[in-house]
Amino acid sequence: MACSATTQPLLNFELSHSHQPKRPYSLPLCSFIKKPRLSPKPFFSQSKDYTKINIFSSPSLFSRQKLGSHVAAQSGYSSGEEAESLLPDSAYQEPFSWSSVIFPFLFPALGGLLFGYDIGATSGATISLQVSGSLYGALLGSLLVYPIADSLGRRRELLIAALLYVLGGVLTAFAPGLSVLLVGRLLYGLGIGLAMHGAPLYIAETCPSQIRGTLISLKELFIVLGILLGYFVGSFQINAVGGWRYMYGCSAPVALLMGLGMWSLPPSPRWLILRAVQGKGSLQELKEKAILALSKLRGRAPGDAASEKQIEDTLISVKSAYMEQESEGNILEVFQGPSLKAFIIGGGLVLFQQITGQPSVLYYAGPILQSAGFSAAADATRLSVVVGLFKLLMTWIAVAKVDDLGRRPLLIGGVGGIALSLFLLCAYYKFLGEFPYVAVAALLLYVGCYQISFGPISWLMVSEIFPLRTRGKGISLAVLTNFGSNAIVTFAFSPLKELLGAENLFLLFGGIALISLLFVALYVPETKGLSLEEIESKILK
């Protein structure tokens, strides 16, 4: 698979000691507490050459985290010992089995595929049916989920999203009139809003930190695959009478599979622990549920000792994160302190993702290609399939390299390429009209650079940058920002084109792209290899 270049050593589970940092062994989540409750034997036994690693030997579900300095002081450690025991945890690679992460990724990612399919299907349908009502539903869904995200839970949210997808697809396909059609599109859009919030949350909270970037970028790949499927189905149905019904109806079976898959998965163990720490239920009962959930996610026997020890240590970590905070925050807490810093980073990325012009191409690719000289609707839609294949290829490259190169290099290189492509398009319309290959190359450069930067990396950063206590609300607000700016650009594109002309419109988007490049260079941190707790403690504070 595409990510083998970055994850091959993980599949081998044999590591050379020459690549391991020389440091004393410390307990993953409570390294300052001198208690003989765990064996001092390190993860890597002191054999001369190579060591086989038990994939279930890590005592921590969420990798290592630095506890508060006051805990270290109470335990009697000096500042030197503390610094030595807290060498960069990004060097730590949590052992895992690929078979245990496939389904917890796949079924949430189907929510992204259905979102992309709606984009592709709408591109074909707008040629014969002027409808894009799902965008309003997505806006409403991301707004509704803001105050209830943490109480609803990630798994339950995705189950509701799957149900809304099914209802929306079926109602649209069999709509007897315009009113039912609009209701169907609205319901489908609500499903998009919930799925785009819940999917990155569930994936980020249940996967090992060293492949978090790969998996969440793969979710973006599923979105692009969905766009391509929408283009593909549309290319066959565009000339059929009522072909749009088949386009939208095809989403229902996939949504049903998503719902059945999420029903078979457990809740996020991290979410269960959070609810316990927040006092939203019996601590013992929620802890037992978290142990069972982790056992199922890791393919172990129910309630096994390894999962129990991992949950107990993770509970200590989560409690320490809340030790210096109030037990409950208000609804505007996301605009304060570390949460505000996280929102500026995540919200800024999804805002620039949209206002550099991408939604106009995605939602109305067919009509744009028609205006470029492809007079037949079928020709325009089939050419969209070619563009979709290129997007898929470039997203696959991002998936393969995000956990190897990191987030910042892909963002800086990709956004720089976006700015260059927009200025080339501006130059083509101003004085290079005799060289159509310039426009073709610039368009492909734009699409390719977007798919290795803003496309996957924005959602990845949103899923991992928010602090523990405001993650649900923060991601909801970022999704709302994304769909809100999407709507603004989508509806402003035609008036701006009429007012400014194509050349000045691309010049405007190019200027915005330069501002976004500056934003990335100055404000966006590197999170490669860090656990979610490490991101909160080392970057946000």
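Per my numbering, the very first residue in the sequence shown carries number 9; after that it's consecutive.
Heads up, the beta-carbon is just placed ideally off N, CA and C, and yes, glycines get one too.
Note that this is a predicted model, so its numbers are computed, not measured.
Coarse secondary structure for ASP312, derived from DSSP in three states: In the sequence shown, residue 312 corresponds to position 304, counting from 1. Three-state DSSP puts ASP312 in coil, outside helix and strand.
Straight-line gap, TYR454 to ILE299 (C-alpha atoms, nearest Å): In the sequence shown, the residue the question calls residue 454 occupies position 446. In the sequence shown, the residue the question calls residue 299 occupies position 291. Each residue's alpha carbon lies about 46 Å from the other.
As assigned by DSSP and simplified to three states, the class of LYS438: Along the sequence shown, one-based indexing puts residue 438 at 430. LYS438 falls in the helix class under three-state DSSP.
Proximal residues to ASP126 (C-beta, below 6 Å), its chain only, five neighbours per side dropped: In the sequence shown, residue 126 corresponds to position 118, counting from 1. Once the five neighbours on either side are set aside, the close Cβ partners of ASP126 are SER142.
The region 460-469 / the region 440-452 touching (three or more Cβ pairs under 8 Å): no
Where GLY234 falls: helix, strand or coil (DSSP): As a working note, residue 234 is residue 226 in the sequence shown. Note: GLY234 maps to helix in three-state DSSP.
Opening and closing residue of the alpha helix (DSSP H) in which ALA521 lies: Here residue 521 refers to the residue found at position 513 of the sequence shown. Its alpha helix (DSSP H) spans residues 479-531.
Neighbourhood of ALA427 by C-beta distance below 7 Å, restricted to the same chain and skipping five residues each side: By one-based count along the sequence shown, residue 427 stands at place 419. Excluding sequence neighbours, ALA427 sits near GLY518, ALA521, LEU522, LEU525.
Contained alpha helix (DSSP H) runs [length at least 4] in the region 271-322, N- to C-terminal order: 277-285, 291-305
Contact between the region 313-324 and the region 429-441 (3+ Cβ pairs under 8 Å): no
8 Å Cβ cutoff met for TYR239 and GLY396: Position 231 of the sequence shown, counted from the start, is the residue given in the question as residue 239. Position 388 of the sequence shown, counted from the start, is the residue given in the question as residue 396. The answer is yes: Cβ separation under 8 Å.
Limits of the unbroken alpha helix (DSSP H) element including GLU544: Taking the sequence shown and counting its residues from 1, the one referred to as residue 544 is at position 536. Here GLU544 belongs to no alpha helix (DSSP H), and DSSP marks it neither H nor E.
At least 3 beta-carbon pairs within less than 8 Å: the region 399-414 vs the region 486-497: no
As assigned by DSSP and simplified to three states, the class of GLY354: On the sequence shown, position 346 is the one that residue 354 refers to. If DSSP states are grouped into helix, strand and coil, GLY354 belongs with the helices.
Whole-angstrom C-beta distance between PHE398 and LEU485, which should lie under 8 Å: Translated into the one-based positions of the sequence shown, residue 485 becomes position 477. Translated into the one-based positions of the sequence shown, residue 398 becomes position 390. Not quite, the Cβ-Cβ distance comes to about 32 Å (not below 8 Å), so this is no contact.
Between the CA atoms of ASN512 and GLY559 - distance to the nearest angstrom: Residue 559 cannot be examined here, being either before or after the span of the chain that is shown, 9 to 549.
Element boundaries [alpha helix (DSSP H), containing LEU148]: Position 140 of the sequence shown, counted from the start, is the residue given in the question as residue 148. First-last of the alpha helix (DSSP H) with LEU148: 142-152.
Simplified DSSP state of ILE405, which is helix, strand or coil: Translated into the one-based positions of the sequence shown, residue 405 becomes position 397. The answer is helix: DSSP assigns ILE405 an H, G or I state.
VAL407 versus GLY185 - alpha carbon distance: Numbered from 1 along the sequence shown, position 399 holds the residue referred to as residue 407. Numbered from 1 along the sequence shown, position 177 holds the residue referred to as residue 185. Roughly 42 Å separates the two Cα atoms.
For LYS536, the three-state DSSP class (helix, strand or coil): Within the sequence shown, numbered from 1, the residue matching residue 536 stands at position 528. In the structure shown, LYS536 sits in coil (DSSP, three-state: anything other than H, G, I, E or B).
Bounding residues of the alpha helix (DSSP H) (the contiguous stretch that carries VAL470): Stepping through the sequence shown from its first residue, residue 470 is reached at position 462. It spans 462-473 - the alpha helix (DSSP H) in which VAL470 sits, taken as one unbroken run.
Top-ranked residue by Cα proximity to LEU294, from LEU323, PRO503, MET266: Along the sequence shown, one-based indexing puts residue 294 at 286. Measuring from the Cα of LEU294, the nearest candidate turns out to be LEU323.
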